[in-house]
Structure formats: C-alpha cells, structure tokens
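**Student:** Questions regarding the structure given below will be posed in turn.
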Amino acid sequence: MIINPYRFGGAVDTGFVLDDYAGATAAYSLRELTTTSWNVGNVVIEARNSLASVDTFTSAEVFDGTLVTFADLGDGSATVQRWYDQSGNANNILQSSTNLQPQIVSGGVLLADGLKFDGTNDYFDCGFGHGATSSQSMFIVGSANNFQVRLLLDCRQANDNGLGLLFLGGINNFMRMHADATDVFTGVTVPNTQYLWSGIYGSSTATMFRDGTQTDTESAPSAMSANTTTYKIGRSAYSN
Numbered sequence: 002m003i004i005n006p007y008r009f010g011g012a013v014d015t016g017f018v019l020d021d022y023a024g025a026t027a028a029y030s031l032r033e034l035t036t037t038s039w040n041v042g043n044v045v046i047e048a049r050n051s052l053a054s055v056d057t058f059t060s061a062e063v064f065d066g067t068l069v070t071f072a073d074l075g076d077g078s079a080t081v082q083r084w085y086d087q088s089g090n091a092n093n094i095l096q097s098s099t100n101l102q103p104q105i106v107s108g109g110v111l112l113a114d115g116l117k118f119d120g121t122n123d124y125f126d127c128g129f130g131h132g133a134t135s136s137q138s139m140f141i142v143g144s145a146n147n148f149q150v151r152l153l154l155d156c157r158q159a160n161d162n163g164l165g166l167l168f169l170g171g172i173n174n175f176m177r178m179h180a181d182a183t184d185v186f187t188g189v190t191v192p193n194t195q196y197l198w199s200g201i202y203g204s205s206t207a208t209m210f211r212d213g214t215q216t217d218t219e220s221a222p223s224a225m226s227a228n229t230t231t232y233k234i235g236r237s238a239y240s241n
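Mapped onto the numbering used here, the consecutive letters of the sequence shown carry residue numbers 2 to 241.
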C-alpha cells in the first residue's frame, strides 16, 4: 500500500505503481521495498501471538517460517500490532487493541493474501490525512470475500468529501472512489480475487485503475476538501 507517492501538478495522470518514485507520505508492505529511491528498513511488522508475546519481524522472517514458529509458541495464530512505514517518514501505524488487530497467521499457516481484516472491527489508523491538496494518489493490493461495503483505505468526512478506496456493496459489486462529490467506478469485480487498485486524484480529474488498466475517469474538484480526518485501513474514517 502506497499513499501519496507524488504531486501531479500539471503532469498527465498515469496509473502505474510508483514503487520507484521518492516522495510518498507512507508505504506499508510485508515485502521490503528495495528500490533505491525508497528509504527502506528491514523490519516490516510487529506481531503478537496468543500468549501475548510481541516481537518484530523482517520481511524475510515473515516468509521464511520465523513468524509461523513465533505463532506456534501459542495456538498457531498471530496478529499484526504495528506496521512499519517504508517511505522514510516514520508514519508507523499501531493498533494497541488486540481484538482490533488484523490477522497474519492462522492455524499455523501464513495467510496467503497478506493481512486479513475481519470486515467487522479490525483496522489501522494511519494518524495522518490528506488535508487540502490538489493532487494525490493511492495504490493498494487487496481483495474482499464479499462486497457488502468493504473499506480498504478511507479518509472521508461523514458527507463523503475526501479520498477513499472501497468495495461498494450491492448487486453490481463495484469499486468506489470519492473525490469530494465525485465517484469513480470500475467494472464488476470477483470476490476473493486480488487486484491492484490505483486511485489518482489530479488537478482536474479523478481516475481509477485496476491492475494498471484505466477503468473510469470523471471530472474532479480542483482541490480536496480540507479536513482533519485521518486515513483508516480496514474501516470507515468517520464512523466505527
């Protein structure tokens, strides 16, 4: 997940993953971002097992069995307590309430899809928002087991002003993106399928990409609504 990799200014908006661009506000990943323009660190998460033991893990340790061994000290499960920002801005995110932490190991097996938010109350608060900006972008790899309004990343006010990437519930199973009063929709999506979602908010348009392919674009306000809402991962930004 990469938030706000760069400002667009007068440049033409594009839907590429900006892993090789400096300037992101935050970047969260289980895999170390090795591109030289990033200020990366080896430790990517702090995990908690069922014995209430807490330890940090590098990207290699997440995937080489070290994390699973840590989970197996208890009942074979582990959750993520802290997710470290790899952008160099130290926007590390902490969920201190254990019942709200997303799962990463279950039944002694590393979850193949990464972090699992239960769709009920698991979430992270990033601690920062977009404020009043004319251009911003977000990139997320994610999937949902159903589309009864599943929040991926949200920084909207109660009136929907702001930025958000979410699955919209209903018969059409659309992906939805807000830029003030503007919605951008994709085509029909498939449950339990990982997609790369890219939300691009330029100075004059709001555009959605799925797996690098543009799915829709609409006119957008020249500036985002200024608010103090912070980005939430896994839940609405303005309600519980």
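Ideal Cβ positions, reconstructed from N, Cα and C, are used throughout, including at glycine.
Bear in mind that the values here come from a model prediction, so they are computed numbers and not experimental data.
Would you mind reading off the limits of the alpha helix (DSSP H) that contains Asp73?
**Tutor:** For the purposes of this step, residue 73 is taken as residue 72 along the sequence shown, with counting starting at 1. Asp73 -> alpha helix (DSSP H) spans Thr67 to Asp73.
**Student:** Give the list of continuous alpha helix (DSSP H) stretches no shorter than 4 residues that lie fully inside the stretch 61 to 135.
**Tutor:** Whole alpha helix (DSSP H) segments, 4+ residues: 67 to 73.
**Student:** Please check the pair Gly104 and Thr80, which I expect to be a contact at CB under 8 Å, by giving their CB distance rounded to whole angstroms.
**Tutor:** On the sequence shown, position 103 is the one that residue 104 refers to. On the sequence shown, position 79 is the one that residue 80 refers to. Reading off the sequence shown, one finds Gln at residue 104, where the question assumed Gly. At roughly 5 Å, the Cβ-Cβ gap stays under 8 Å, so Gln104 and Thr80 are in contact.
**Student:** Assign Ala238 to one of two classes, buried (16 or more other C-beta atoms within 10 Å of its C-beta) or exposed (fewer than that).
**Tutor:** Here residue 238 refers to the residue found at position 237 of the sequence shown. Looking at its Cβ environment, which holds 16 or more other Cβ atoms inside 10 Å, Ala238 is buried.
**Student:** Our contact map puts Tyr124 next to Ile234 with C-beta atoms below 8 Å; I'd like the distance itself, whole angstroms only.
**Tutor:** Against the sequence shown, residue 124 aligns to sequence position 123. Against the sequence shown, residue 234 aligns to sequence position 233. Confirmed, Cβ separation roughly 6 Å.
**Student:** Does DSSP classify Thr194 as helix, strand or coil?
**Tutor:** To locate residue 194, count along the sequence shown from 1; it is residue 193. It is coil, neither helix nor strand.
**Student:** Mind checking which residues open and close the beta strand (DSSP E) that includes Ala207?
**Tutor:** For the purposes of this step, residue 207 is taken as residue 206 along the sequence shown, with counting starting at 1. First-last of the beta strand (DSSP E) with Ala207: Thr206 to Arg211.
**Student:** Tell me whether the stretch 186 to 201 and the stretch 138 to 146 touch, counting them as touching only if at least three CB pairs, one residue from each stretch, are closer than 8 Å.
**Tutor:** Because the criterion of three Cβ pairs below 8 Å is met, the stretch 186 to 201 and the stretch 138 to 146 touch.
**Student:** Taking all protein chains shown into account, decide if Thr26 is buried (16 or more other Cβ within 10 angstroms of its Cβ) or exposed.
**Tutor:** Position 25 of the sequence shown, counting from 1, holds the residue named residue 26. Thr26 should be labelled buried.
**Student:** To the nearest angstrom, how far is the alpha carbon of Val150 from that of Gln158?
**Tutor:** As a working note, residue 150 is residue 149 in the sequence shown. As a working note, residue 158 is residue 157 in the sequence shown. Taking the straight line joining both Cα atoms gives about 16 Å.
**Student:** According to DSSP, is Val142 part of a helix, a strand, or is it coil?
**Tutor:** Here residue 142 is taken as the residue at index 141 of the sequence shown, counted from 1. It is a strand residue.
**Student:** Whole angstroms are fine: how far does the CA of Val110 sit from the CA of Asn146?
**Tutor:** Mapped onto the sequence shown, residue 146 falls at position 145. Mapped onto the sequence shown, residue 110 falls at position 109. If you take the alpha carbons of Asn146 and Val110, they lie about 19 Å apart.
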